[in-house]
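Every letter in the sequence shown is one number past the one before it in this note's numbering, and letter 209, counting from 1, is 379.
First up is the structure itself, then whatever we jot down about it.
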Amino acid sequence: MADDTTNNTSDELSLFGRKAITLSFTIEGIFGLVCALVSLRRCLGMTKHRSGYVNFYTSLALADLGIAVLCPITAYASSIASSGWPFSATACNMYGFFALFCGTVCIWSLLMTAVEDQYIDKGSWFSSVLLALTWINALFWSSAPILGWGRYTPERYNAGCLYEMDVNDSNAFSFLIGYTAAALLIPIIILLFSVMPNRKVSSMHPCQRSILQGTFVGSDFPLSLLGTLWSRGIVVVVKQDVKAVPILMVASAPIAAKLSPIVNALVVAKTAPGMDSQKSKMK
Numbered sequence: 171m172a173d174d175t176t177n178n179t180s181d182e183l184s185l186f187g188r189k190a191i192t193l194s195f196t197i198e199g200i201f202g203l204v205c206a207l208v209s210l211r212r213c214l215g216m217t218k219h220r221s222g223y224v225n226f227y228t229s230l231a232l233a234d235l236g237i238a239v240l241c242p243i244t245a246y247a248s249s250i251a252s253s254g255w256p257f258s259a260t261a262c263n264m265y266g267f268f269a270l271f272c273g274t275v276c277i278w279s280l281l282m283t284a285v286e287d288q289y290i291d292k293g294s295w296f297s298s299v300l301l302a303l304t305w306i307n308a309l310f311w312s313s314a315p316i317l318g319w320g321r322y323t324p325e326r327y328n329a330g331c332l333y334e335m336d337v338n339d340s341n342a343f344s345f346l347i348g349y350t351a352a353a354l355l356i357p358i359i360i361l362l363f364s365v366m367p368n369r370k371v372s373s374m375h376p377c378q379r380s381i382l383q384g385t386f387v388g389s390d391f392p393l394s395l396l397g398t399l400w401s402r403g404i405v406v407v408v409k410q411d412v413k414a415v416p417i418l419m420v421a422s423a424p425i426a427a428k429l430s431p432i433v434n435a436l437v438v439a440k441t442a443p444g445m446d447s448q449k450s451k452m453k
C-alpha cells in the first residue's frame, strides 16, 4: 500500500509540474505576443524615418513575435507530454530550428544596434550589411543541427526541442560550446558594455536611462524570466530532482532569447522626440 501511495503521489506531483509549465508559457505567450505586435506596428508605421535603428527594431519585433508564437505550442506540448515528445521527429527539428533562429536574431539585432551606434556615420549601407549578417548568422546556427553539427532533441520535460547538450557526445558538445560562446556570450557581453556602461543612472544618456527603466517596466522580460525559472524550478522540487544543472542549461537558451523585449525600451528611447538632436550634440 505504501508503494502504491508513493507512486500515486509522484504521478500527481508530476502532473502538477506539467501544469505549472503549461500555465507559465501560456501567460508568457499571450503577453509576449501583445508586446511584439505593438513593437512591430510602431516600427512598420515609421515609414518616413527609416533608419538602421528602425530596421533592427523591426527585425527584433519579428523574431520576438516568433518566440511568442512558440509559447502556446510549448504549453500544449507540456500539457500532454507525459511519456515523451508528443510530436514527430520532423516537428522537433522544425521547433528547434525556429526557436534557435528567432532567439539568435533577437540577441544579434540588439548587438548590431549597439555596433551601429558606434559607427553611425557609415551610412545606411552599413546598417543593411549588419542586418544581413544578423539573419545569415542566425540561419547558420539554426541550420547546423539539421545538417549534422549537433542535433535537435526534446528538452528534459518534453515541452519543446533544443540543441543536444550531452557533454559525452563530442559532436553535440562542440556545437554547444561554439553556439554558446559565439552566438550568446560574446554578443551579450559586448551589448552590456556598449549599451549599459557602468555609470550612475543620473549621469546616463536619456536613451540608456530608458533602456534600464523600460527593461523592467515596458517589456515582458521579468515575467518571461521568472516564468521560465519558476516552471523549471517547481518541477525540480516536486520531482525531487537534485540534478539542477541540466535544467539550468535547458533554460539558458529561452532566458537569453527573452532579453529581446528590451526592444520596447529601445524603440521609446531612440525614436522619442529630440533624441536625434541630443545625439548630434553629443558628437
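Just so you know, even glycine gets a beta-carbon here, dropped at the ideal spot from N, CA and C.
- By the C-beta density criterion, TRP295 is exposed, having fewer than 16 other C-beta atoms within 10 angstroms.
- The residues PRO315, TYR322, CYS331, LEU332 and TYR333, in chain order, have a CB closer than 7 Å to that of GLY266 in the same chain once the five nearest residues on each side in sequence are set aside.
- Under DSSP, LEU332 shares a beta bridge with THR323.
- THR260 and GLY320 have their C-alpha atoms some 15 Å from each other.
- Comparing C-alpha distances from LEU232 to each of CYS276, PHE343, LEU270 and GLY254 shows the shortest one belongs to CYS276.
- Here the alpha carbons of THR196 and LYS189 stand approximately 10 Å from one another.
- Per DSSP, GLY348 is one residue of the alpha helix (DSSP H) stretching across 340 to 349.
- DSSP, read as helix, strand or coil, puts TRP255 in coil.
- Cβ-Cβ distances below 7 Å link TRP305 to VAL275 in the same chain, with the five nearest sequence neighbours on each side left out; the list follows chain order.
- Closest by C-alpha distance to ILE243, out of LEU354, ALA329 and THR350, is ALA329.
- Spanning the alpha carbons of ASP336 and LEU281 requires a straight line of approximately 29 Å.
- By the criterion of a C-beta distance shorter than 6 Å, SER312 is surrounded in its chain by PHE267, LEU270 and PHE271, once the five residues flanking it on both sides are discounted.
- Each of ILE356, GLY199 and ALA308 was checked against the Cα of VAL239, and the nearest Cα belongs to GLY199.
- Measuring C-alpha to C-alpha distances from LEU354 to each of VAL204, ALA302 and SER279 identifies SER279 as the nearest.
- A direct Cα-to-Cα measurement between ASN307 and LEU346 gives close to 16 Å.
- Looking only at VAL204, GLY236, SER249 and ALA206, the smallest Cα-Cα distance to THR192 is reached by SER249.
- If the five residues before and after TYR349 are omitted, its C-beta is found closer than 6 Å to the C-beta atoms of TRP311, all from its own chain and listed in chain order.
- If you ignore the 5 residues before and after VAL204, its C-beta comes within less than 7 Å of no other C-beta in its own chain.
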